[in-house]
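Okay, so the first sequence: first residue is 0 according to numbering that gives the first Met the number 0, each after it adds one. Glycine included, C-beta positions come from ideal geometry on N, C-alpha and C. Comments concern the structure below.
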Amino acid sequence: MENYIEGLNPQQLEAVKATEGRIRVVAGAGSGKTKTLTSRFCYLVDKLGISPAHILCLTFTNKAANEMRKRIAKYLPDGDVNDFICTIHGFCVKILRRDIYRLGYPKSFTILDEEDRKSTAKQILKELELDREKYSAKNILDIITGLKGGEDYILKNLLPCTIKGFEKNIISNLEDLDKEDCVNYKIFTIYLEKQLKNFSLDFDDIIYFAIYILDNYDEVCQYWQDQLEYILLDEAQDCSDRQWYLIELLAAKHNNLFIVGDPDQLIYEWRGAKIESFLAFENDKTIILDQNYRSTPDILNVANCIIKNNINRLDKDLFSLRPTGKQIIHFHGRNEVEEMQWVVKEIVAAHKLGVNYRDICILYRASHMTRCVEQELIKKHIPYKIYGGIRFYERKEIKDALAYLRLVEKGDDISFLRIINTPSRKLGDVFIATIQDYATDHNMLLYDALKQMVDYDLIKKESVIQFVDLIQEARNKQYSLSISDLLDMILKDSNYLDSLRLDADEERLQNLEELKMSIKYYEEANINEDIDLGTFLQDIALYTNTDTDMSLDAVKLMTIHQAKGLEFPCVFVIQLFDGGLPSYRSIRYGRARGLEEERRLMYVAVTRAENILYLSESEGYDFASNSDKYPSRFLREIERTLFVTKGKMNESLWSETDKLIKAFNNATKHEEYKSDEETFMVNDFIEHEVFGFGKILQVNSDNTCKVQFKSRSRTLKNEVINVIGRYGDGAEIDFETGLPMENNIAEHPVEKIKENKNEIEIKKWSKITHPIYGDGVVLNVYEHKGKRKAYVKFEQVGNKLILTDYTNIRVNKP
DNA sequence: ATTTTCGAGATTTTT
DNA sequence: TCTCGAAAAT
């Protein structure tokens, strides 16, 4: 039982044992992040006697959650696996299942995946007869995501309006909007209407609705805050603002929030993650894990070379104590085929030397890049498996099968439209339009409309009557049959299986068998729980990956995004041309932020490798960016001595890359990274997220400062430092406490706060009480970036905090 | 009314 | 290479 602590290094151990308060761990790639998290979980249960039911452990992917659960189960003898090791979305669904009835939604609300959203968007295109030149399905979804992410949705209470009368609410705002916005809001309204009609939430809504319920129903909020004594958050750098808001809300009572992340591995900026959120996380203690146990020093050197070109980051160099390994190889192909032939040749060679296929991974930026490697792998009869790509639950036959189940359970329009003519019942657009009209006239769901029309003898088509009979029968048997038997019945009676057999579609049939197996497995795993069809469908909607058999002895192919958090002895990063990685889409118009995110992606790719790293690219023409291919600028950033180039390469290609870099630099929008109008002055006392307290020695013209920290001075970007005080010339700082030495102190600012209509001063040495942190002493009051801040030492927390919100503070009489 | 065929145009990343 | 829509064929 004790052994979960074995083999931890001092920093990891510190992170495990710092159980109370807000702890931030900056965990570099391969620094034993998962190990630290699992050990901490076990420590909480084992040493502090906390029930796993009171520990929330949030991850970003199901894969990570499963891995975590598996590892923890190994140490906790009872097999005491709890429900609260899950993804953020998974946890929000738990919140919603319990309390969404308050918003008038059924417990078995539907979860829409991307394809469902897309088909809804297409309906809207048709209904509004939008100009196809101007609007596409993707376009519409972007508008909707944008509006949902915008302030209006939550703040102006549009979200609860999805329950009733939202239309009025939105339309009343229309007059203020110019024409284009008007169309956007119209699209948005119709989308919400469709969602409401079917009681369906998309992935974003899952988070927003959970926040809404917690914000508006105090007893619900209390319930969860009480329950969750400790919260652990994995991959914290990829949290969006909304997710942060949710997590902070959940943690507000016990305030034991432990976050682990690596700013250098932030690769979801495009989904709302902000590097600043992680850097600005207010914390009692920051622990840095910078020893890498995964990779050889050679590989780490390459990674460090690349990532240090990012300006907006924490300056930390990973080190490895492993012996020097195999040199990194770069291959240049004259064309794509040559590149892939070389990759496959190296795989064959490695395999002959005893490397298992399963230990080899091929990484790429975009999923369509698999094509060319696949061809070569097939030719040489090398087993391989693509992870992601068309995922299991996104396959047509699986979605069809699940749509049948969903139609039985809920009768929603999206499922209905998906399978009403699958397999073919010889029904076309005209037929569906009549049903749609009927449904609109009577304000009904499409399926209900169809059923009524059949009941009233308005439809006499045999195939349709059969269809309705089938669904009705399935509904009758819904509670008496197991889910797998129910599915069996539906697939047989609907002739879905027969239609596949007719096409001799062996693979699809096999996939359906696999689905049945996984349903059986699900039923067995939850045998004690009261699962119904609705719960099952929600669970499966979140579970987009099968990612089970990682053990299969086959070469792995995946996107870099999917490889996050994984490691492989041998890694190939392919298609490293400029425009591929960095992707031309991210860096056009000179987007500096875009380029930095791509660079982090490259960093993630390189740091997946344990022993051997291959980097390959080739000449030719790229359809996507409409340009010739040249080596990636990231290859250019690697010191030449750190890798060897193979293949016939004309050195002049590098200068083409250099031209691209130059063009980019000319177009770069530097204002993205411009610091605030903050003035930094020599002798200002500052605090840095990681290096702690320091004093400014020198202010440079390029938005950097030279800062004296305890043991050494560093030159840092202004953005990453925080002024905490200004005490006049010659003042000295205590590097431990951040306080000025007693001599030479200039005047202290005084902050006035309102309490019960009376103004009360807080100033240095004021004693205050905070609702969460308890009693504390004010060490300093200052203004930073236009915001009032108090620097306070709290007794209970045992550390100092910067407070920005005084609303709940009580000042104690001296 | 449905299915097949053909050609043009587009291609990131995920819960 | 794949996807989508329109036109032709069934």
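Using DSSP with H/G/I as helix, E/B as strand and the rest coil, what is residue i?
i: Val719; result: helix
i: Lys645; result: strand
i: Val706; result: strand
i: Ala14; result: helix
i: Ala136; result: helix
i: Arg312; result: coil
i: Phe576; result: strand
i: Pro630; result: strand
i: Asp411; result: coil
i: Leu469; result: helix
i: Thr736; result: coil
i: Asp261; result: coil
i: Ile4; result: helix
i: Ser712; result: strand
i: Tyr267; result: coil
i: Tyr229; result: strand
i: Leu457; result: coil
If we count the other Cβ atoms within 10 Å of its Cβ and call it buried at 16 or more, is residue i buried or exposed?
i: Phe516; result: For the record, residue 516 in the displayed sequence is Met; it is not Phe. Its Cβ having fewer than 16 others within 10 Å, Met516 is exposed.
i: Val15; result: buried
i: Ser462; result: exposed
i: Gln471; result: exposed
i: Ser765; result: buried
i: Gly164; result: Residue confidence is low: Gly164 scores 45 on pLDDT, short of 50, so the model does not pin down where it sits. No coordinate-derived value is stated.
i: Ala448; result: buried
i: Pro9; result: exposed
i: Leu232; result: buried
i: Leu320; result: exposed
i: His329; result: buried
i: Glu595; result: buried
Give me the DSSP bridge partner(s) of residue i.
i: Lys555; result: Cys360 and Lys384
i: Thr86; result: Thr58
i: His329; result: Leu614 and Thr644
i: Lys766; result: Val776
i: Gln290; result: Phe318
i: Lys284; result: Ile22
i: Phe692; result: Glu686
i: Ala591; result: Partner(s): none; Ala591 has no beta bridge.
i: Gln697; result: Lys705
i: Phe571; result: Ile361 and Tyr613
i: Thr109; result: Ser199
i: Tyr620; result: Asp627
Once the 5 residues before and after residue i are set aside, which same chain residues still bring their CB inside 8 Å of it?
i: Asn197; result: Thr109, Lys409, Asp411, Asp412, Ile413 and Leu444
i: Tyr216; result: Asp98 and Arg101
i: Leu652; result: His331, Glu618, Tyr629 and Pro630
i: Ile464; result: Val453 and Ile458
Starting from the C-beta of residue i, find all residues in its chain whose C-beta is less than 7 Å away, skip the five residues before and the five after it, and write them out in chain order.
i: Lys167; result: No answer about Lys167 holds up, because its pLDDT of 48 lies below 50 and its placement is not dependable.
i: Asp492; result: Leu469
i: Asn625; result: none
i: Lys753; result: With a pLDDT of 47 at Lys753, under the threshold of 50, the modelled position of this residue cannot be trusted; read the value that follows with caution. So the list is empty, once near-sequence residues are dropped.
i: Glu670; result: The predicted position of Glu670 is uncertain, since its pLDDT is 43 and thus under 50; a value taken from the coordinates is nonetheless stated next. Nothing meets the Cβ criterion.
i: His441; result: Ala448
Looking only at its chain, what residues have a beta carbon closer than 6 Å to the beta carbon of residue i, apart from the 5 residues adjacent to it on each side?
i: Asn183; result: Ile142
i: Ile87; result: Leu57 and Gln242
i: Ile771; result: Only weak support is given to the placement of Ile771: the predicted model assigns it a pLDDT of 47, under 50, and the value that follows is read from those uncertain coordinates. So the qualifying residues of the chain are Asn254.
i: Arg21; result: Leu256, Asn282 and Asp283
i: Glu688; result: Leu278
i: Ile286; result: Gln10, Glu13, Ala14 and Val24
i: Ile84; result: Cys56, Ala64, Met67 and Arg68
i: Asp289; result: Gly27, Lys315 and Leu317
Contact between the segment 393–409 and the segment 466–478 is defined here as three or more beta-carbon pairs at a separation below 8 Å; is this criterion met?
yes
Check whether the segment 556–576 touches the segment 134–142, counting contact only when three or more Cβ pairs, one atom from each stretch, lie closer than 8 Å.
no
Taking three-plus beta-carbon pairs below 8 Å as touching, is the segment 374–387 in contact with the segment 482–491?
no
Just checking, does the segment 219–229 make contact with the segment 277–294 on the three C-beta pairs under 8 Å criterion?
no
Would you call the segment 530–539 and the segment 576–591 in contact, with 3 or more CB pairs under 8 Å?
no
Do the segment 13–31 and the segment 187–207 make contact, defined as three or more Cβ pairs closer than 8 Å?
no
Check whether the segment 359–373 and the segment 594–607 touch, using three or more Cβ-Cβ pairs below 8 Å as the test.
yes
Is there contact between the segment 366–376 and the segment 330–349, where contact requires at least three CB pairs shorter than 8 Å?
yes
When you compare the segment 500–514 with the segment 396–404, are there three or more beta-carbon pairs, one atom per stretch, that lie closer than 8 Å?
yes
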